[in-house]
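Every letter in the sequence shown is one number past the one before it in my numbering, and letter 59, counting from 1, is 60.
Note that the Cβ used here is the ideal one computed from N, Cα and C, for glycine as well.
Note that the structure is predicted; figures quoted are calculated from it, not measured.
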Amino acid sequence: MPKAILYTAVTLDGYIADAQGGIEFLDHPLFRLPDEDYGYSAFYESIDAVIMGHNTFEKIKSFEGSYPYSEKHSVILSTKQSLADGVSEGIEVSNEPAEVALNELKSKYGTVWIVGGGATNAKLHRAGLIDEMILTYIPTTLGAGIPLFRSNESTANWKNISTRTYPNGLVQIHLVKA
């Protein structure tokens with residue numbers, strides 16, 4: 002059954018990145034465990050496609066040096082007609098509303114990872130299109146930054162289907178729409 006899963010790290014005060022879009026807080030030595038990927042590899046193998054906003058795409062490329070999700074069909078949401086750098090086969094730039102693009106992806110590919118960012122998360126949450134969330138809470142606060150749901154004006158109830166606490170204090174919760 003097709004589904005959309007928001008999988009991300011979030012600070013205790015609800016931010017997915019600092020005000021400049023940085024995620025350096027994830028690299029703090031307190032939050033690293035040897036040989037632990039916090040379920041990322043298994044999650045990545047379970048998805049068929051990814052969707053993200055233009056700013057998230059640009060930030061990921063700047064961190065990684067190249068696009069790390071090339072094995073999965075990707076949709077980059079953008080108001081620009083094209084993205085000059087980093088767009089290759091398997092990466093589609095969509096000018097459609099996030100809701101339309103996600104529904105098309107789900108119908109063609111199945112399980113879709115909502116990579117973010119905050120504006121994309123909020124649009125898809127507001128439209129009721131996020132089926133599951135896997136949130137890894139990082140025991141830190143930023144005070145300001147990009148919230149998990151930027152400009153979110155909607156409500157929803159979620160059922161916790163699993164919680165995992167790691168020795169370094171990270172807590173991962175897997176939620177499904179109630």
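query	result
Which residues DSSP lists as bridging residue 161, in chain order	176
Residue 60 beta carbon less than 8 Å from that of residue 22	yes
Cβ pair residue 77, residue 118 closer than 8 Å	no
Cβ distance (whole Å) where residue 159 is taken to contact residue 176 below 8 Å	4 Å
Limits of the alpha helix (DSSP H) - the one that residue 125 falls within	119-127
Beta-carbon proximity list for residue 13, same chain, < 7 Å, skipping 5 on both sides	138, 140, 141, 142
Whether residue 29 touches residue 50 by CB criterion (8 Å)	no
Simplified DSSP assignment, three categories, for residue 4	strand
Exposure of residue 70, with buried meaning 16 or more beta-carbon neighbours within 10 Å	buried
Residues that DSSP places opposite residue 16 in a beta bridge	148
Residue 2 versus 111, 136, 156, residue with shortest Cα-Cα distance	111
Three-state secondary structure (DSSP) of residue 103	helix
Buried or exposed by the 16-neighbour rule on C-beta atoms within 10 Å, applied to residue 109	exposed
Delimiting residues of the beta strand (DSSP E) encompassing residue 138	133-139
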